[in-house]
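Before any comments, here is the structure.
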Amino acid sequence: MSTPLHDLVLDDRPLDRLLADASQETRGILDRALNREELGVEDGIHLLGTEGDDLAALIRCADAIRREDVGDEVTYVVNRNINWTNICFVGCQFCAFAVHRKDPNAYNHSIDDVLVKVQDAIDRGASEVCMQGGINPESDGMFYRDLLIAIKERHPKLHIHAFSPMEIMYGARRTNLSYREFLTILRDAGLGTIPGTAAEILDDDVREILSHKKVDVATWVDIVTTAHELGLRSSSTIMYGHIETPEQIARHVVLIRDLQKRTGGFTEFVPLRFIHTLTELYKRGLVDPPKGGEIDFRMYAFSRLMLRGSIDNLQTSWVKLGAELSQLTLKAGCNDFGGTLMEESITKSAGGDAGEYLPEEEIRRLILEIGRIPVQRNTTYGRIDSEGAAHHGVGGRSGSSPLPARPAATA
Ligand code: SF4
């Protein structure tokens with residue numbers, strides 16, 4: 083079905099024509115990106131305001147850069163999400179997942195409960211489990227370690243991608259350990275990588291409104307930097323489409339890019355649209371979220387240009403956008419389709435309706451349908467062949483990585 087959005091993204095004018103039809107300022111920025119020049123905050127702010135012919139040129143430019151930098155393969159991971167508790171005291175205004183411990187819908191899975199879900203993930207072919215939970219004030223800081231040990235004892239080859247910087251901060255404080263000490267314990271218990279979530283917008287003014295108890299920018303950077311230094315790579319994310327300004331988005335992405343230059347530890351960048359319907363932020367009238375569509379394509383294309391030379395893997399989010407719109411973002415700079423998930427609670431609680439599970443066959447079909455090559459990967463972008471064997475990760479950044487070799491886990 084053709085829509086104005088399809089017409090915009092699939093505009094059949096050649097790139098040269100699109101550039102010629104764009105405004106002089108937009109064309110200048112796109113030309114510099116095509117020539118591998120690093121774009122600055124002011125460039126980013128301009129790109130985030132593009133519309134019409136300028137936006138069409140931005141999207142096509144991102145697609146051309148994607149093809150040049152990472153080719154036509156689109157990767158995905160067979161994984162399972164496990165959100166083991168929805169009890170949380172932090173009170174983020176954008177979150178409809180968390181509940182008070184006395185809420186009738188509150189749950190707090192035991193390690194045995196989690197192990198059942200992990201076994202289900204393995205039975206369904208997962209190479210990764212992704213685990214994040216609420217910040218439950220009754221939870222012991224060493225629960226994180228004990229959970230890792232229990233899983234790794236039974237499934238030593240399974241990759242565990244778990245614990246946001248917010249959870250790391252909480253666990254370290256509960257155990258009176260430094261971030262380095264706590265992360266080292268988790269790494270040695272079998273943690274493979276950490277999600278670069280709890281980032282939202284890395285701007286303390288925005289964070290004060292969204293969630294004043296949440297990990298602040300300096301702490302988020304400190305925890306992620308420390309994880310990378312310990313050989314624990316991470317994803318990186320942004321949540322857009324709420325109270326933030328284009329400048330705050332541009333500064334967030336530049337901060338991520340600068341951090342990547344120092345550590346080389348990010349595997350990917352994942353823009354996540356704010357899903358608002360059931361959140362306090364929306365119910366209290368603090369936000370008037372823009373309609374999905376153009377905003378998403380502008381965000382993905384902008385990210386591909388801003389991160390050129392730093393982070394190669396740009397992941398679309400089918401759980402936020404829906405499978406069909408996500409498929410179209412593969413024409414706007416994305417080269418990764420994310421995971422099968424199997425279970426998803428956070429976006430669903432906020433009013434998202436894209437579902438919880440996208441089977442591998444459906445992901446492959448969507449990628450093939452848009453003319454690209456589906457490739458199963460592991461968490462760190464190593465390719466997994468049809469026999470299930472993993473091959474070396476291609477890494478998340480261009481050029482050599484200063485990331486240290488990961489010491490062997492002891493558990
Ligand atoms: S986003 Fe995370 S920390 Fe914030 S309220 Fe929800 S579960 Fe708690």
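Numbering follows this note's numbering, with no gaps: position 52 of the sequence shown is 134.
All residues carry an ideal CB built from backbone N, CA and C; glycine is no exception.
Residue range of the alpha helix (DSSP H) that includes residue i
i: residue 342; result: 328-345
i: residue 407; result: 405-411
i: residue 307; result: 299-311
i: residue 316; result: Careful: residue 316 lies outside any alpha helix (DSSP H), inside the beta strand (DSSP E) at 315-322.
i: residue 137; result: 134-152
i: residue 443; result: 442-451
i: residue 288; result: 286-292
i: residue 283; result: Where residue 283 is concerned, there is no enclosing alpha helix (DSSP H), given that its DSSP letter is neither H nor E.
i: residue 461; result: Segment: none, residue 461 is in no alpha helix (DSSP H) and carries neither H nor E.
Cβ shell of residue i (< 7 Å), same chain only, five flanking positions each side left out
i: residue 430; result: 438
i: residue 323; result: 355, 356, 371, 372, 377
i: residue 264; result: 250, 253, 254, 257
i: residue 487; result: Note that residue 487 scores a pLDDT of 40, beneath 50, so its modelled location is shaky; the value from the coordinates is reported in the next line. Cβ within range, chain order: 313.
i: residue 232; result: 193, 197
i: residue 229; result: 193, 196
i: residue 267; result: 227
i: residue 203; result: 162, 211, 424
i: residue 301; result: 251
i: residue 547; result: No answer is possible for residue 547: the residues shown for the chain start at 83 and end at 493.
i: residue 342; result: 348, 392, 393, 479
7 Å Cβ cutoff met for residue i and residue j
i: residue 168; j: residue 181; result: yes
i: residue 543; j: residue 386; result: Summary: the structure shown does not reach residue 543, with the chain confined to residues 83 through 493, and so no result is reported for it.
i: residue 243; j: residue 275; result: yes
i: residue 221; j: residue 277; result: no
i: residue 123; j: residue 295; result: no
i: residue 315; j: residue 347; result: yes
i: residue 452; j: residue 397; result: no
i: residue 210; j: residue 163; result: no
i: residue 332; j: residue 126; result: yes
i: residue 384; j: residue 112; result: no
i: residue 308; j: residue 261; result: yes
i: residue 245; j: residue 428; result: no
i: residue 388; j: residue 137; result: no
i: residue 375; j: residue 87; result: yes
i: residue 304; j: residue 286; result: no
i: residue 433; j: residue 360; result: yes
i: residue 395; j: residue 350; result: yes
i: residue 141; j: residue 379; result: yes
Distance cut-off 6 Å: residue i Cβ against heavy atoms of the ligand SF4
i: residue 251; result: no
i: residue 377; result: no
i: residue 216; result: yes
i: residue 172; result: yes
i: residue 245; result: no
i: residue 180; result: yes
i: residue 248; result: yes
i: residue 177; result: yes
Cutoff 6 Å; reference residue i; Cβ partners in own chain excluding five residues on either side
i: residue 283; result: 326, 330, 334
i: residue 166; result: 191, 196, 215
i: residue 135; result: 103, 104
i: residue 473; result: 464, 465
i: residue 109; result: 101
i: residue 363; result: 175, 176, 369
i: residue 207; result: 160
i: residue 320; result: 334, 353
i: residue 446; result: 456
i: residue 199; result: 164
i: residue 279; result: 246, 319
Beta-carbon contacts of residue i that lie in its chain and below 8 Å, excluding the five residues immediately before and after
i: residue 481; result: Interpretation of residue 481 is limited by its pLDDT of 37, a score under 50 that renders its predicted location unreliable; the figure taken from the coordinates is listed afterwards. If we look at residue 481 and ignore the five residues flanking it on each side, its Cβ neighbours are 391.
i: residue 490; result: Any reading at residue 490 needs caution, since the residue's pLDDT is 33, under 50, leaving its predicted position unreliable; the model's value is listed next. No residues qualify anywhere along the chain.
i: residue 454; result: 154, 155, 156, 412
i: residue 118; result: 390, 391
i: residue 441; result: 422
i: residue 449; result: 156, 158, 409, 412, 419, 455, 456
i: residue 187; result: 168, 181
i: residue 444; result: 405
i: residue 288; result: 282, 325, 326, 330
Enclosing beta strand (DSSP E) for residue i [first to last residue]
i: residue 241; result: 241-244
i: residue 213; result: 210-213
i: residue 155; result: 155-159
i: residue 109; result: Residue 109 -> not in any beta strand (DSSP E); alpha helix (DSSP H) instead, spanning 106-116.
i: residue 94; result: No beta strand (DSSP E) holds residue 94; DSSP gives it neither H nor E.
i: residue 418; result: 418-421
i: residue 176; result: That residue, residue 176, is in no beta strand (DSSP E); it is neither H nor E in DSSP.
message: Quick test of the definition: if touching needs 3 or more C-beta pairs under 8 Å, does the region 455-468 touch the region 152-169?
response: yes
- prompt: Can you find at least 3 beta carbon pairs, one from the region 404-418 and one from the region 90-98, that sit closer than 8 Å?
  reply: yes
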